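Colleague: In the UniProt record's numbering, the protein residues as written are 1 to 102.
Quick reminder that beta carbons are idealized off the backbone N, C-alpha and C, glycines included.
Please read all numbers here as calculations on a predicted model, not as lab measurements.
One structure, as structure tokens, below. Some questions next.
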Amino acid sequence: MNQLIEFIRDNIQITYILILSIFVGIEVIKSIPAVLHTPLMSGANALSGVVIVGAILVMLHSDPNDYLALTLGFLAVVLGILNVVGGFAVTHRMLQMFKKKK
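Here it is, written out as structure tokens:
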């Protein structure tokens with residue numbers, strides 16, 4: 001616990017930026033109209049793909065005895081894959097809404 005408090009104390013500016021970016025992200029997402037949802041979801045899928053590749057690269061270069069890094073990397077890969085699959089499902093469903101009915 002002391003290491004966590006010391007890390008936050010040493011990186012207080014990064015912590016402030018993270019908190020501010022969370023609030024800015026929430027405000028930006030709330031103001032997006034439904035028409036723009038599909039293109040933005042496609043962009044989010046691309047970013048999740050980058051996260052997956054980055055997590056795999058970090059896992060490949062980490063020490064095999066560093067179970068924390070391997071666990072976090074595995075968790076990042078799994079959550080990134082879930083995000084990509086869910087994003088494609090939502091995008092497909094949204095595109096179905098715009099198709100003309102026969």
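On a CA-only basis, which of G25, L95, G54 is nearest G80? Give me that one, please.
Modeller: G54
Colleague: Mapping DSSP to helix, strand and coil, what is I32?
Modeller: coil
Colleague: Mapping DSSP to helix, strand and coil, what is P39?
Modeller: helix
Colleague: Going by the beta-carbon positions, is the gap between L97 and F74 smaller than 8 Å?
Modeller: Note on residue identity: the sequence assigns Met, not Leu, to residue 97. No, the Cβ-Cβ distance between M97 and F74 is not below 8 Å.
Colleague: Can you grab the Cα-Cα spacing for the pair L82 / V51, in whole Å?
Modeller: 12 Å
Colleague: Can you tell me which of the three DSSP states S48 falls into?
Modeller: helix
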